[in-house]
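Here my numbering is used: the first residue of the sequence shown is 141, the next is one more, and so on.
For each residue, glycine too, the CB sits at the ideal point set by N, CA and C.
All values reported here derive from a predicted model rather than from experimental measurement.
Here the structure is laid out as structure tokens; the discussion comes afterwards.
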Amino acid sequence: MVRGVLEHHGRFAFILMNVPGKQDLMVRGPTLRLAMNGDTVEARIQRGREGRSLGEITRVLERAKRTVVGILGKRGPAWTATPEEEEDALPIEVLGFEKGLGPQPGAVVVVRVTRWPTMSSAAAGVVQEVLG
141 MVRGVLEHHG RFAFILMNVP GKQDLMVRGP TLRLAMNGDT VEARIQRGRE
191 GRSLGEITRV LERAKRTVVG ILGKRGPAWT ATPEEEEDAL PIEVLGFEKG
241 LGPQPGAVVV VRVTRWPTMS SAAAGVVQEV LG
């Protein structure tokens with residue numbers, strides 16, 4: 141098992157070891173859904189097909205952020221906010237809007253995370269501010 145900070149790149153990520161002599165560990169696959177960019181995670185090391193070491197996230201030790209900035213949009217009947225910082229990032233489900241705020245497609249919003257991601261569901265939260 142290893143611990144480090146997750147640097148998310150959409151369909152893959154790296155666990156940054158920040159230890160001299162230790163190589164960062166690549167993570168791919170479904171366990172990426174458990175953590176968000178910047179989270180401190182614990183992972184199991186496995187051998188990949190090419191003989192390289194790959195990580196599988198086993199749990200999140202510490203959340204990096206409580207809010208996420210994203211672009212507000214619709215996915216079917218639901219509102220989502222797609223984080224600006226990550227290419228191919230998973231959208232955050234919008235569960236509601238703070239009093240006085242309403243949905244504005246394409247707006248940059250701040251979402252307070254109220255439900256962390258799991259293997260079966262995306263992160264979700266409430267829009268607390270519209271930035272523009």
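Can you look up residue i in the DSSP assignment and give me helix, strand or coil?
i	result
Arg173	helix
Arg215	strand
His148	strand
Leu241	coil
Ser193	strand
Met259	coil
Glu202	strand
Ala264	strand
If I measure Cβ to Cβ from residue i and keep anything under 6 Å in the same chain, skipping five residues before and after, which residues do I get?
i	result
Thr207	Val250, Arg252
Val209	Glu224, Val250
Pro231	Thr220, Thr222
Gln268	Glu238, Val250, Arg252
My assumption, with CB atoms under 8 Å, is that residue i sits in contact with residue j. Please give the rounded CB distance.
i	j	result
Leu174	Thr254	With a Cβ gap of about 17 Å, Leu174 and Thr254 do not count as contacting.
To the nearest angstrom, how far is it from the Cα of residue i to the Cα of residue j?
i	j	result
Gln244	Val270	9 Å
Gly216	Val159	44 Å
Arg184	Ala262	22 Å
The segment 185 to 195 in contact with the segment 217 to 226 per 3-pair CB rule at 8 Å
no
Given 8 Å, three or more beta-carbon pairs between the segment 178 to 186 and the segment 144 to 159
yes
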